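Just so we're aligned, residue 36 is where the sequence shown starts under this note's numbering, counting upward by one.
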Amino acid sequence: MSARIIFLGPPGAGKGTQAGSLAALCEIPIIGTGEMLRQAIADQTELGKKAQGYVDEGDLVPDNLILDLIRERLSQPDAKNGWILDGFPRNVNQAAFLDHLLADMQQECHYVIDLEVPDEVILDRLLHRGRKDDNEHTIEHRLDVYRQQTAPVIDYYKKQGTLFAVPGDRTSEEVTQALQQIIKN
Ligand code: AMP
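Structure representation (C-alpha cells):
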C-alpha cells in the first residue's frame, strides 16, 4: 500500500514503535531524522560532527543541516512509493519547506498523525528508555523545545486539514489498531 505519513508527537510518544508497525504494514521505509543524525554522529561524518552538540543538548539541529538531508533522502528510489517521516518536520519552517519540496516532486502527504501523550507519561517513559540524550535535564529541555518549536507544526497541519489526532496513552497494540483504522479508510 502506498502511503505518505508524517508522525508528530512529543519525544517518547511512541512514534518510533508505531512507525515501525505501519511501515511493515504498508511496506514503506521509515525516514527518521533523529536516527539519521545518530548514525552520522556514530560515523563522525561532517554532518555528524556539526550535529553532535545540538543532539547531546536536546536542541534542534539548525534547519540548513536537516533540509538537504531530507531532500536527498526523499529522492531515493525506495521512497518512491511512500514513506513515514519520524522526527521531521520539527518546526514550522521545516513544514513549509516540506510542502514546497513535495509540490516540486508532485507528491502529497496523505496523513499527518499527532500522537498525543500527557507530559507525566512521557517523562516516565523517557527515563526508562535509556538513550544517551534521555537524562532528566535533557528530557525537560527536549519537551520545552517540543512545546515551543514543534507543537506549532500541529496547528500548521490542522489548518491544512490533513491532521489526525490519535491518543497515545494506551497499549501500543491499541494505538496500532487506531492507526490502521485511519490508514485503511
Ligand atoms: P529524535 O530521535 O527524533 O528524538 O531526535 C533526536 C535529536 O535529533 C533531537 O533532539 C534533535 O537534536 C535532532 N533532530 C532530529 N530530527 C530533527 C529535525 N527535524 N530538526 C532538527 N533537529 C532534529
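Even for Gly, the Cβ is constructed at its ideal location relative to N, Cα and C. Computed from a predicted model, the values in this text were never measured in an experiment.
Notebook entry, point to check: When you compare only the Cα positions, how much space is there between Q111 and A186?
Noted result: Here residue 111 corresponds to residue number 76 of the sequence shown, with the count starting at 1. Here residue 186 corresponds to residue number 151 of the sequence shown, with the count starting at 1. Whole-angstrom Cα-Cα distance: 29 Å.
Margin query: If you measure between the beta carbons of I224 and F123, is that distance less than 9 Å?
Written below: A query on residue 224 cannot be resolved here, the shown segment of the chain reaching from 36 to 220 and no further.
Item checked: Extent of the continuous alpha helix (DSSP H) to which L104 belongs -> For the purposes of this step, residue 104 is identified with residue 69 of the sequence shown, where counting begins at 1. Here the alpha helix (DSSP H) through L104 covers D98 to L109.
Check: Could you give the distance in angstroms between the alpha-carbon of V152 and the alpha-carbon of R177?
Finding: Your numbering for residue 152 matches position 117 in the sequence shown. Your numbering for residue 177 matches position 142 in the sequence shown. Roughly 15 Å between the two C-alpha positions.
Checklist line | Integer Cβ distance of L120 from L100, believed to fall under 8 Å | finding: For the purposes of this step, residue 120 is taken as residue 85 along the sequence shown, with counting starting at 1. For the purposes of this step, residue 100 is taken as residue 65 along the sequence shown, with counting starting at 1. Going by Cβ atoms, the distance from L120 to L100 rounds to 16 Å, so no, they are not a contact pair.
Next item on the list: Return the residue from the list Y191, N170 and I148 that minimises the CA-CA distance to G49.
Entry: Working through the sequence shown from its first residue, we reach residue 49 at position 14. Of Y191, N170 and I148, the residue nearest in Cα terms is I148.
Note to self: Along the chain, where does the beta strand (DSSP E) containing V201 start, and where does it finish?
What the structure shows: Translated into positions along the sequence shown, residue 201 becomes position 166. It spans L198 to P202 - the beta strand (DSSP E) in which V201 sits, taken as one unbroken run.
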